[in-house]
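In UniProt numbering, the protein residues as written are 1 to 152.
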């Protein structure tokens with residue numbers, strides 16, 4: 001008995017394997033489907049690509065124009081990398097360095113993560129009672145280190 005499930009999703013290619021057993025379907029999928037979609041996914045590479053955008057900002061459709069420039073973003077990367085042991089930078093420190101509009105723009109474009117109170121900082125030891133900014137993730141910090149090494 002064959003079961004056909006119709007998918008109306010443009011980024012999904014449905015495959016019908018008919019009456020194959022689970023093992024046969026797995027073998028078919030691994031030999032005939034996966035090789036066409038094999039890629040070397042890397043979170044580091046993904047974050048490094050995001051940093052390329054941060055260093056060369058352009059407007060994304062549906063978002064306001066980025067307000068920072070390359071020099072601002074280099075300052076941000078240096079601040080994040082230097083504060084890695086602490087795990088965050090204080091939002092007001094960065095606002096004083098590059099300005100509130102630029103900081104908000106970096107948050108809007110997901111280049112920084114904002115935690116408004118220490119209620120959302122359970123992973124940080126002794127967080128301050130004010131808004132903090134972090135990198136989006138650890139691979140992002142590693143990518144920032146590499147970019148800064150290349151820039152210096």
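Glycine included, each C-beta is placed from N, C-alpha and C at the ideal position.
query: Residues that DSSP places opposite residue 138 in a beta bridge; result: Residue 138 pairs with nothing; no bridge assigned.
query: DSSP three-state assignment for residue 115, whether helix, strand or coil; result: strand
query: Burial state of residue 65, where buried means 16 or more other Cβ atoms lie within 10 Å; result: exposed
query: Own chain, CB closer than 6 Å to residue 83, minus 5 neighbours either side, in chain order; result: 89
query: With 16 other Cβ atoms within 10 Å as the buried cut-off, status of residue 109; result: buried
query: Three CB pairs or more closer than 8 Å across the region 85-105 and the region 121-134; result: yes
query: Cβ neighbour criterion (16 or more within 10 Å) applied to residue 111; result: buried
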